[in-house]
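For reference, the structure discussed in these notes is given below.
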Amino acid sequence: MTTPGLALAAPATRVPVVTGAGVGAAAGVALVGVAILAVLFGDQLATFRATELAGSSLEAPSREHLLGTNLLGQDVASQLILGTRSSLLVALVAGAGTVLVGGIVGILAGWFRGWFDATLMRVTDLMLVIPKLPLLLLVGALAGGSALTLAFLIALLFWPVAARVLRAQTLSLRGSTHVRAATGFGAGPGDQLRRHIVPALALLVVAEFIPAASRAVAMLAGLAFLGVGDPTEPSWGGIMRDAVAYRGLFVTPAWTWWLLPPIVAVVMLVVAITLIGVGAERRLNPRLGRHRR
Amino acid sequence: MQRRRLAAILCVAVLGTAACSPDTGQSSAPSEPAASSAASAPASSESPAATTVDVLRLAASTQSGGYPTPYAAIRGPGRLMTTFMFDQLAFPDVTGKPRPWLANSWESSADGLAWTFHLNENARFTDGQPLTSEDVVFTFDYNLKGPGAETGVSQNLSYIDSVTAPDPATVVIKLKQERPSFLSDVGGAFGVGIVPKHIWETVTDPGHFQGEQAFIGSGPYILMEFDQTTNSFDFVANNDFYLGRPVVQELRIAPVGDPLLALAQGELDSASSGNAPVPQSQFEDLSSRFKVFTAKGEYNVAMFFNLAAGFPYDDVTFRQAVAYALDRQDMVDRLAGGRGVPGPTGGLGPANPFLAEGLPDYAFDLAKASTMLDSISLKDANGDGTRDLPDGSAFRIDLLTSQSDTEEAGLVQEYLRAAGLSSDIKAVDQPTSDAADTAGDYKIAIVHFGGLSGDPSGMVSRFASDAKGQFSFTRVFGYRNQEFDALAAQQAEETDRAKRTAMVGQMQAIIANDLPQLSLYVPDQLAFADTSRYNGWAYTPQCPPCGIALNKRMLFSGNAEPVPGE
Amino acid sequence: MSADVPTAPRGGRARPPWPRALAWLGGRSLARDLRTLTLYGVTMWAVVTLVFLLPRLMPGDPLSALDDPDSGTFIYDDHARAKVAAYYGLDQPLIAQYADYLSDLAHGDLGWSISQSAPVSRLIASRLPWTLLLMGSAVIISSLISFALGVTAGWRRGGRLDRALIVGSSAARAVPEYAMASLLLVLFAVLVPIFPLAGAMTPFARYASPFAAAGDVLRHLALPLAALSLGLLGNKFLLVRNSVIGTLGEDYMLLARAKGLPPRMLKFHHSGRNILLPFITVLGVQLGFAAGGSLFVEAVFAYPGMGTLVNGAVVARDYPLLQGTFLVLALVVLLANLLVELAYGAVDPRVYR
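Here the protein sequences line up with chains A, B and C, keeping their order.
Following the numbering used here, the numbering of the first sequence begins with 16 at its first residue and continues without gaps.
Following the numbering used here, the numbering of the second sequence begins with 7 at its first residue and continues without gaps.
Following the numbering used here, the numbering of the third sequence begins with 374 at its first residue and continues without gaps.
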């Protein structure tokens, strides 16, 4: 535990007084807000149904088709709006699922150690050892997979990564001075986990959630590319898959209105989540806040 | 295209029918460079039959074709690689018909049950051993009754009764019953490759036999390098080849990412688009630099109805109404950039020599579709804009498809919607879809397959109710038409070409009316090639993996002229 | 409290971590080793059984890889088809197939690929090196970059550089690998053709020297490597950055700072060393995942690695090839995990105290 007096030594000169994180977080919230709007009012915002043959093949952007049309003549802008729903849902479900399962397993194993740890870690090993992508190909084909099913599958397969990281940090924390001191003062495991371990791990949890969420979006797109998943569900990954599957994509300008928009959309969403995470950093790490004050 | 047709006409005109017929028994091997250059001289002044081509660089698929021996090669592309090393009694020319190769000539008995082949007496394997009738007899026995049978090779030849060798240069093949497809079964692009007896007689597990010995054949090319990791092949000419020195001296066949891009960057000498649409700008760029080869397609995406799935799938009016509701020309425009045709409705492809004239084309007619659907009481009962079943319950069509045909399924869904039919697409991976199709676990399936120009026996296996085909996903489920079955059985033993064509025509008319399956569209074949050094580029009909480049007869002779024959 | 500070690594003590790790290895009891071995053994058995059962639960026929109805050589005859099934042992009951599989495995025989007509072990041996090259270099390069960037960004948290790096790295992570690969392909192999379109080497090239060969391999490696590294980088960058921030408030950092140690020492030695633990964990996971994880990039560049081999096996329902590739990939991950455990002890002695 830090003594307030030592805060004098904090690298105050390196931290700008106006916190960029606040601005970033606001931008992040705004972007996510836009995405949520697209989810809620997608049907009203989209001018065409996702599969509607709205124009001829590969029309360039125009007033009628803001982002042009794809090979089939479907409106890319409408697909992008309608695809927000499944992309956001997948990010949320897969990200939260991964962190939740991984967090519980990792923290408990790291804290209790012994046979409990050994057992959990062996299960984790088993999960880690299985080649995940190939397994997703297999199970995805078997389960037939809507986006939500695949999101659950991704969470079920990828939690060991988070579990490992969090266990390692828990082990490290457990060995660290203030936790050992607290144990010395007679704090119980529940109390310790709640008061020392979980808050200290919050940053890592956020750090794990963001890649897990974005990985899920990207992975779903990738699986679609390899032929797993439900192609009828409009999604950003689906637009990318359709675009990349078209051999002539890169010898025509079509990639600029067909492939780039969903990529930009995914990037914006992920960056927004990241910025929110960074903005939350100060609240999650109170000691940092104290230094900055 | 024009030039090739001209050459074909000239061949017949110059040599006359007698010289062109292999049945005369006395015609010399027409593929000898000397002979073919003589035939080609008046046809085309740009045909450099005498000069050789150092090397041609061609694209291979990244998908494995197995190990290039007759017993371990896999699928069309893999098997084609073995033809460079292993010769057949006959081999197709640019017309797709089997023409003399290892056999100089052949004749059949009056009843069509005994075929006598006269082998080229100069034939030898690349290890120096002569190839005699003994090797031919060995190969057939090995494939039909010996260890080769376990690998499945030549299993379509179970109608062969016996193969004997009266003398070292003569082989007699006796059949159990007449079979019009016999010559293409042994001498088509995927016929029977003759292996050396002195090597294979000790091989008990041919599927696992590998190494240099396994590549020894009598063909015009020797496999110098085979890289299974990347599926690339380096073939060099066998300059002691019994028909003469091959014009193309080396073939480098390796996968490239995108063949058209690789061609544009100068890494290949020819490339095909596969069945994928080519953007107009790319087409114009490539056609300004290379010669364009187009041909009617042999591949299609088709809609299969499961007639065992009950009403309305078993109702012919429903199936016809669906056909009218589909704008198949629009599919060609959107999915093939306009290069292709709506599928012929009789079950054979647009380039099939047996294709019937005057089949109904079910041109897009929404009003007609609507009337027909009304007539079988598929009406909108509750006013929600979609048609319901006669009992008033909601009607939703299940569209089963593999991931590779989802675009087609998406278009079909939109067309059906316009006709008031709502549908759900279920897209699964390829093997799952194949398994569901095979098991009849579907209502309407959207399936792609090729080989549309092949022998009508392929059509029989799809539609005849007694056909052995339970392992194939292209089998239509629940379809039974006794008239069709009878015709199918009859044509299989009809050796008179005209009579057989008439029967197959009737069969197509039945399918076009019953519509258990509807071919949605057939994209054209499209390829580009550099003709500055080599002129043998041409499509070989009924050999989809051949493309315009992989027929060894052309690579050997350096030109794409038809071989004189019947 | 401040009396405990010296237990944290200190700048002045440049003791290499390895002797400690070796001592830890040698000092463990035989019983513990046996238990660990047993656990790993059980893990492997579970993997082996899983990869035996899963493919067989899937719909689809492995024999359909041999021939398609298009080619005209499709075997329609049931009897002949059954013969072929027997050739590959597919006519046996499941339990007999399982017994065969285990006994072959015990003899080191991974079986015979149906869809490629080759020994599974040979197929894997020819592919694994390419994957290890691609993935190994991607993991190393992305680790070095993300470590340097992460420490720097964490140190200047909230600064302009920090924010730029956060946005940049999460953007890089967000783009699906195959879309990234496709973009790189179009930019640097189509529009500006400075790198080859596909493959790992120029086919049939005869090289004048080993350097020419290495150059060719590197040229082919560049784009897939870039696509993969960008994807891996984002993940680790955030982890490093956030962990560094977590250490900033630690007592030993404050003490070190109070002692007036130079910032570079503080950054990379004090702070950097303390985040090694989670970093190595992620590294191990990435290394393991890497063996099969480059599938998307391999597919775009037709790179002859394990990913495309596995994908081909899945599509063909090639049971022996599926079993073999899963097993080998699992072994690679297991190895990576063992290395990580070793590294734990080496980097942070507290773990095994």
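Each residue gets a CB set at the ideal place from its N, CA and C atoms; glycine is no exception.
Given the structure is predicted, the values throughout are model-derived calculations rather than measurements.
Contact residues of the stretch 377 to 391 of chain B toward chain A are absent (C-beta to C-beta distance below 9 Å). When C-beta atoms of the stretch 52 to 60 of chain A are compared with those of the stretch 207 to 223 of chain A, fewer than three pairs fall below 8 Å, so the two segments do not count as touching. Not flagged as an interface residue toward chain A: Ile403 (chain B), since no C-beta distance is shorter than 9 Å. Per DSSP, the unbroken beta strand (DSSP E) holding Ile431 (chain B) starts and ends at 428 to 434. Note that the C-beta distance between Asn615 (chain C) and Val655 (chain C) is not below 9 Å. Residues of the stretch 222 to 247 of chain A that bring their beta carbon within less than 7 Å of a beta carbon in chain B comprise Gly242, Val243, Asp245, Pro246, Thr247, in sequence order. Residues of chain A with a Cβ closer than 8 Å to the Cβ of Val687 (chain C) are, in chain order, Pro149, Leu152, Leu153, Ala156. As the crow flies, the alpha-carbon of Thr134 (chain A) is around 19 Å from that of Leu715 (chain C). Rounded to whole angstroms, the separation of the alpha carbons of Arg130 (chain B) and Asp240 (chain B) is 21 Å.
With 16 or more other CB atoms across the displayed protein chains lying within 10 angstroms of its CB, Ser602 (chain C) is buried. Under the Cβ distance rule, Ala215 (chain A) counts among the residues neighbouring chain C, one pair being separated by less than 9 Å. For Ala491 (chain C), DSSP records a beta bridge to C:Ser486. Here Phe123 (chain B) carries a strand assignment [DSSP, helix/strand/coil]. Closest in C-alpha terms to Ala301 (chain B), from the list B:Gly564, B:Cys549, B:Val569, comes B:Cys549. Against chain C, the CB of Pro261 (chain B) has a partner CB under 9 Å away; the residue lies at that interface. Taking the C-beta atoms as reference points, Ala544 (chain C) is found no nearer than 9 Å to Leu596 (chain C). Contact annotation: in the stretch 223 to 240 of chain B, residues whose CB is within less than 8 Å of a CB in chain C are Glu231, Asp233, Gln234, Thr235, Thr236, Ser238, Asp240. Taking a Cβ-Cβ cut-off of 9 Å, the neighbours of Leu439 (chain C) in chain B comprise Gly72, Ile80, Arg81, Thr157, Gly158, given in sequence order.
Taking 9 Å as the CB threshold, Val266 (chain A) lines the interface with chain B.
Close partners of Arg258 (chain B) in chain C (Cβ separation under 8 Å): Pro576, Phe577. Ile80 (chain B) and Gln326 (chain B) have their C-alpha atoms spaced approximately 38 Å apart. For Pro570 (chain B), the closest of B:Phe90, B:Val242, B:Ser111 by C-alpha to C-alpha distance is B:Ser111. Under DSSP, Asn306 (chain B) forms a beta bridge with B:Phe455. Within the same chain, and ignoring the five residues on either side of Val116 (chain A) in sequence, the residues whose Cβ sits closer than 6 Å to its Cβ are Trp174. Here Thr84 (chain A) carries a strand assignment [DSSP, helix/strand/coil]. In the DSSP annotation of this structure, Lys297 (chain B) is not part of any alpha helix (DSSP H); the continuous beta strand (DSSP E) holding it starts and ends at 297 to 301. Using a Cβ-Cβ cut-off of 9 Å, Val563 (chain C) is close to Phe265, Val266 of chain A, given in chain order. Excluding residues up to 5 positions away in sequence, Phe240 lie with their Cβ nearer than 8 Å to the Cβ of Ala260 (chain A) in the same chain. For Trp112 (chain B), DSSP records a beta bridge to B:Phe123.
In this structure, the CA atom of Leu436 (chain C) is about 21 Å from the CA atom of Leu150 (chain A).
In this structure, DSSP gives Asn541 (chain B) an extended state, which the three-state scheme calls strand. Arg340 (chain B) reaches chain A at Leu68, Ser71, Ser72, Leu86, Leu87, Gly88, counting residues in chain order whose Cβ is nearer than 9 Å. Exclusion of the five residues before and after Pro104 (chain B) leaves Ala96, Phe97, Pro98, Leu189, Ser190, Gly193, Gly194 as the residues of its chain whose Cβ lies within less than 7 Å of its Cβ. With respect to the C-alpha of Val548 (chain C), the residue from C:Ala562, C:Leu605, C:Val512 having the closest C-alpha is C:Leu605. For the stretch 385 to 439 of chain B, the continuous beta strand (DSSP E) assignments of 3+ residues that do not extend past its boundaries occur at 402 to 408, 428 to 434, in sequence order. Here Leu148 (chain A) is not near Gly433 (chain C), since their CB atoms are 9 Å or more apart.
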